[in-house]
Amino acid sequence: MEVEEKLKRIEISFRNYIFLLDFLIRETRTELSENRAKRETWLEHHQNWKQSRKVFENVSLQSNEIASEKSAFMENLSVFET
1 MEVEEKLKRI EISFRNYIFL LDFLIRETRT ELSENRAKRE TWLEHHQNWK
51 QSRKVFENVS LQSNEIASEK SAFMENLSVF ET
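Going by UniProt numbering, the letters in the sequence shown line up with residues 1 to 82, in that order.
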């Protein structure tokens, strides 16, 4: 009886260990899936941000070019006024 009882306890402990591992694996998979979804969302937002920043920088560069051309034009006009 003693050996059978020990074997039963080992079996129960092993079964509980397996249940625990199964639970941890499922939770880890779920968390990894959630993290992957969050990462993909973040990457999409980041790409959109980078794209909009490039557009803004291009607009700023064009504005600076226009301003410098206007300044040069005004300087040329002032030469003729004197």
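C-beta: ideal position from N, C-alpha, C; glycine also. Since this is a predicted model, take the numbers as computed values, not measurements.
Rounding to the nearest angstrom, what Cα-Cα distance links residue i and residue j in this structure?
i, j, result
"F23", "E11", "18 Å"
"S71", "R39", "47 Å"
"E69", "Q47", "33 Å"
"S60", "K54", "10 Å"
"S33", "E27", "10 Å"
"T41", "S63", "33 Å"
"N35", "L21", "21 Å"
"K50", "A37", "20 Å"
"M1", "F14", "20 Å"
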